[in-house]
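Per this note's numbering, numbering through the sequence shown is continuous, rising by one, with the last residue being 65.
Beta carbons: idealized from backbone N, C-alpha and C, even for Gly.
Here the structure is a predicted model, which means the values were calculated and not measured.
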Amino acid sequence: MSDLICVYTDGACRGNPGPGGWGALIVLDEEEITLFGGENNTTNNRMEMTAAIEALSYFPKVLR
């Protein structure tokens with residue numbers, strides 16, 4: 002396993018508050034892992050933070 006892990010995140014919503022979504026792309030060695038989700042009534046800041054939290058939660062505690 003490589004020592005380098007790249008994580009790209011984004012979150013957005015239509016209206017503020019309004020329906021929104023978040024996504025994360027994790028690049029680990031040659032593998033790309035996508036995570037995503039959404040909520041009916043949220044804010045853009047909440048979706049941005051959710052993307053980062055979900056991406057970090059993906060990794061086992063030994064990698065943290």
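Within the same chain, and ignoring the five residues on either side of Thr-43 in sequence, the residues whose Cβ sits closer than 7 Å to its Cβ are Cys-14, Pro-18 and Gly-21. With respect to the C-alpha of Trp-23, the residue from Ser-58, Asp-4 and Ala-53 having the closest C-alpha is Ala-53. In the structure shown, Glu-32 falls within a strand segment according to DSSP collapsed to helix, strand and coil.
With contacts defined by Cβ atoms closer than 8 Å, Tyr-9 and Leu-36 do not form a contacting pair. Taking the Cα positions, Pro-61 is about 16 Å away from Glu-32.
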